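Chains as they are written, first to last, in the working numbering: chain X, 4 to 284; chain L, 322 to 806. To keep things clear, I will list the structure first and then write my remarks on it.
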Amino acid sequence: MELWYTENHTEHVRFSIKVKAHLYSNQSDYQRIDVFDSIEFGRILTLDDVIMLTEKDEFIYHEMITHVPMAVNSAIKNVLVIGAGDGGTVSQLVRYQAIETIDVIEIDREVIAVSRKYFPGLANHFDDPRVHIFYEDGLKYVRFIQSAYDLIIVDSTDPFGPGEGLFTKEFYGNCYKALNDEGILVNQHESPYYDNDAKAMIRTHDRLKIYFPICSVYQAHIPTYPSGHWLFGFAAKNHQPVKDVSRWNDLGIKTHYYNTDLHNGSFYIPNYVKVLLGENG
Amino acid sequence: MNEQKRAPIYEALKQYRKNRIVSFDVPGHKQGRGNPRLTRFLGNDCLSVDVNSMKPLDNLCHPTGVIREAEELAAQAFKAKYAFLMVNGTSSAVQAMIMSTCKAGEKLIMARNVHRSAINTFVISGVIPVYVNPGIHRDLGISLGMSLNDIKTAIKEHPDAKAILVNNPTYYGICSNLREIVRLAKGAGMKVLVDEAHGTHFYFKEGLPVSAMEAGASMAAVSTHKTGGSLTQSSFLLIGEDVNAAYVRQVINLSQTTSASYLLMSSLDITRSYLALEGEAIYQKVLNFANYARQEINQIGGYYAFSRELIDGDQFYDFDETKLSVYTRNIGLAGIEVYELLRDDYDIQIEFGDIGNILAIISVGDRDLEIERLISALSEIKRLHQKSIHNLHMNEYINPIIIHSPQAAFYASKKSLPIMDTQGMVCAEFVMCYPPGIPILAPGEMITKEILNYIQYAKEKGCLLTGTQDLNLEYLNIVTRMEAL
């Protein structure tokens with residue numbers, strides 16, 4: 004018998020991973036949560052039939068969504084993470100001594116519970132005393148916050164499902180308000196390659212541009228995400244992302260993907276992506 | 322209650338589909354085969370039951386089979402003597418209520434804040450309206466329910482009136498003292514007709530304002546499609562104890578289509594069953610959403626999402642808490658401006674914005690996610706667009722001065738004049754401010770300076786003004802000579 008996990012990357016493209024065992028499956032109040040064990044990628048977490056992370060390649064996503072803003076502004080102390088119930092983003096953030104608080108807003112309690120059980124290497128970091136978890140809608144949480152954070156990381160699912168509110172204009176406007184004058188917002192920015200993902204990507208970029216004077220995207224190669232070519236959004240009130248960030252190396256944080264050369268390189272994007280974003284290709 | 326599980330029209334259509342009948346009747350698309358693009362768009366399942374009246378499916382004009390059963394089940398669910406499936410919109414139900422109680426030249430007492438369908442009926446039928454001022458809420462600028470004193474006065478002044486038409490709840494969710502109105506009307510030998518377009522849910526959830534049938538009204542027009550979940554244009558006309566349903570059927574048939582849509586009828590049938598079985602839970606959820614949204618919106622500051630605290634025992638006798646109406650003027654924006662910002666900047670479509678308020682419909686189909694989006698968008702609109710409060714036009718209600726009956730004026734000789742030159746003349750057409758579709762002018766009414774100012778203001782604020790021949794409302798038709806009818 005062969006067991007395969009198959010994800011539709013588009014209506015006409017499929018991506019399959021051979022599965023050793025189906026470890027967990029449940030419909031929470033918000034989404035379907037599954038955990039698989041696989042030969043190639045280790046354990047896999049999927050939400051509504053979309054891969055969130057695999058043990059093997061999660062480091063790429065989580066390093067890139069955290070170290071890039073942290074290298075741009077070493078004075079970041081108060082961080083808000085929206086989504087991120089798997090613990091991956093937090094597991095990178097807790098490595099910074101300078102960070103004083105990490106507020107995690109996760110709408111779905113079940114995701115954190117499942118991660119604690121099946122991905123303890125990541126989720127154990129939720130126990131760091133600087134981490135505060137709020138089980139709430141991210142859109143609602145930011146509504147009440149004014150100039151409180153140095154960094155907001157939007158580590159969301161795709162904009163089709165419970166993460167939908169985290170791709171809206173009202174959300175980004177409220178995030179702008181929740182950041183202080185040095186504030187940076189980094190978000191999961193979808194892929195530029197397949198049509199539907201690209202449309203979400205463009206819409207997200209356009210909406211961020213309304214509020215933030217500095218607005219760029221940077222890229223990473225993530226084997227288990229559609230097309231493998233993934234973007235992050237970098238939006239800031241006054242910090243330019245591309246600059247000499249070599250001082251970050253003094254922190255002595257060991258990484259597998261991120262380094263300070265790649266930092267700047269990741270902001271140099273292909274021509275077709277520039278065209279999608281309305282820049283000169 | 323078990324009977325309410327049944328949905329006879331739905332069941333018959335499923336059977337029809339299964340039988341694979343060869344059709345040499347209308348509609349010509351023949352289960353969709355004849356119109357592939359339409360079938361791809363709407364779906365095969367949909368087109369396969371878009372069929373004509375036939376023996377196993379009954380006939381809406383003369384129901385003896387599954388439609389009759391569906392109507393009887395609906396009557397049971399709504400606790401009415403009888404219930405008609407309506408496929409020409411709730412407008413046709415309002416028309417049927419008026420035309421089955423009043424003849425040409427007879428009077429009907431009603432508040433001005435009724436739907437245009439009621440006033441249209443006066444043109445068609447020659448019934449004479451007796452308007453009762455619905456009263457305006459001093460701070461919110463919205464029209465209220467009917468005051469008992471006004472009704473008593475109207476009854477006294479027009480003892481020959483045949484019926485009272487009550488709009489209950491109003492678009493904003495405001496209810497009149499329906500039980501007392503019924504008592505007063507019946508004491509004077511008048512029928513009580515209720516435009517209950519926005520009140521479907523009153524029948525299916527404890528603790529909401531009293532429904533028309535429960536209050537003892539003679540008839541009620543219920544837009545199941547508005548808050549109940551049936552397809553657009555479908556509704557029920559409910560019949561009370563003091564009305565001859567068979568005669569009402571004849572009146573309905575005067576103007577109703579003879580090709581009633583089975584899509585609409587099955588949607589009514591299924592919706593009735595669903596609400597009868599699940600309504601209590603569904604509307605509890607809706608109520609929770611609305612109360613939560615109100616609390617959050619009021620916390621933003623500046624906005625006022627009003628509710629039961631405004632109840633005053635008369636014109637604001639009760640409030641439908643499932644309605645989410647928000648007064649926006651304290652952030653310096655007209656309701657219509659907030660309405661447009663929500664749509665254009667945030668992709669959120671709400672029901673309407675008038676000069677001082679917005680109204681969001683919360684219903685069986687809503688989820689937390691959308692509620693949060695609405696609240697957050699309102700919070701952003703305040704942050705980004707708040708203005709100082711300027712002197713906005715407060716008077717939403719203008720007392721009409723009736724010179725001729727609507728029917729006489731509509732069919733009179735008329736001419737078209739630039740609107741600002743029409744002061745002091747008699748209007749020959751409708752001017753509606755839409756939504757919510759309450760008339761500023763009806764045929765036969767005096768055009769005053771106050772009305773012209775109001776129209777000008779509503780135009781500037783982007784309200785959609787309809788009803789006139791000139792779609793831009795730069796010209797208005799006025800009466801030049803009355804014909805003998």
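Glycine residues also receive a C-beta, built at the ideal position from the N, C-alpha and C atoms. For clarity, every value in this text was computed on a predicted model and none was experimentally measured.
Residue-level contact by beta carbon fails for N190 of chain X and chain L, as no gap is shorter than 8 Å.
Here A398 of chain L is not near A536 of chain L, since their CB atoms are 8 Å or more apart.
Under the three-pair Cβ rule at 8 Å, the region 29 to 49 of chain X does not count as touching the region 258 to 271 of chain X. Only those residues of the region 615 to 643 of chain L whose C-beta falls short of 9 Å from the nearest C-beta of chain X are listed: E617, Q620, I621. Here the alpha carbon of Q222 of chain X sits roughly 57 Å from the alpha carbon of F557 of chain L. Each residue's CA atom was taken as its position, placing E478 of chain L and I430 of chain L some 11 Å apart.
Separation of the CB atoms of Y337 of chain L and V387 of chain L is rounded to 10 Å, and the pair is thereby denied contact status at 8 Å.
Under the three-state reduction of DSSP output, D184 of chain X falls in the strand class. Look at the region 684 to 707 of chain L: the residues with a C-beta under 8 Å from a C-beta of chain X are D689, L690, E693, R694, I696, S697, A698, S700, E701, R704, L705.
Residue-level contact check: Y667 of chain L touches chain X, since one or more beta carbons of chain X fall below 8 Å from its beta carbon. A Cβ-Cβ separation of about 21 Å leaves L125 of chain X out of contact with I79 of chain X under the 8 Å criterion. Its chain contains T422, K483, A484, I485, A506, S539, M540, D563, V564 as the residues whose beta carbon lies nearer than 8 Å to that of K512 of chain L, once the 5 sequence neighbours on both sides are disregarded; these appear in chain order. DSSP places L680 of chain L in no alpha helix (DSSP H) but in the uninterrupted beta strand (DSSP E) bounded by 678 to 682. Taken through DSSP and simplified to helix, strand or coil, H135 of chain X comes out as strand. Taking all protein chains shown into account, I722 of chain L has fewer than 16 neighbouring C-beta atoms within 10 Å of its C-beta and is therefore exposed. Along the region 164 to 196 of chain X, going in chain order, the ones with a CB nearer than 8 Å to a CB of chain L are P165, E167, G168, T171, K172, E173, F174, G176, N177, K180.
The C-alpha of V444 of chain L is placed about 15 Å away from the C-alpha of T789 of chain L.
In this model, M753 of chain L and I187 of chain X are separated by some 49 Å (Cα to Cα).
Our two residues, L142 of chain X and G426 of chain L, have alpha carbons roughly 58 Å apart in a direct line. By the C-beta density criterion, L663 of chain L is buried, having at least 16 other C-beta atoms within 10 angstroms.
Residue environment for C496 of chain L: buried (at least 16 other C-beta atoms within 10 angstroms of its C-beta). G86 of chain X sits in a strand when the DSSP states are folded into three classes.
Neighbours of R250 of chain X across chain L, judged by C-beta separation under 9 Å, do not exist; the nearest C-beta is about 36 Å away.
Under the three-state reduction of DSSP output, Y796 of chain L falls in the strand class. Residues of the same chain with a CB within less than 6 Å of the CB of H70 of chain X, apart from the 5 flanking positions on each side, are Y261 in chain order. Listed along the chain, the chain L residues whose CB falls inside 8 Å of the CB of D140 of chain X are D689, L690, E693. Short of 8 Å from the beta carbon of N574 of chain L, and not among the five residues preceding or following it, lie these beta carbons of its own chain, in chain order: C382. Using a Cβ-Cβ distance cut-off of 8 Å, the region 641 to 650 of chain L and the region 511 to 531 of chain L are in contact, since at least three pairs of beta carbons, one from each stretch, lie closer than that value. For S646 of chain L, the secondary structure class from DSSP, reduced to helix, strand or coil, is strand.
The region 462 to 541 of chain L is shown to contain whole beta strand (DSSP E) runs of 3 or more residues at 484 to 488, 512 to 516, in chain order. Along the length of the region 360 to 397 of chain L, whole alpha helix (DSSP H) runs at least 4 residues long occupy 365 to 369, reported in chain order. Among the bridge pairs identified by DSSP, S582 of chain L is matched with none. Residues of chain L whose Cβ lies closer than 7 Å to the Cβ of R133 of chain X do not exist; the shortest such Cβ separation is about 27 Å. Any Cβ of chain L closer than 8 Å to the Cβ of K212 of chain X would place that residue at the interface, and such an atom is absent. Residue contact with chain L for K143 of chain X: present (Cβ-Cβ distance below 8 Å to some residue of chain L).
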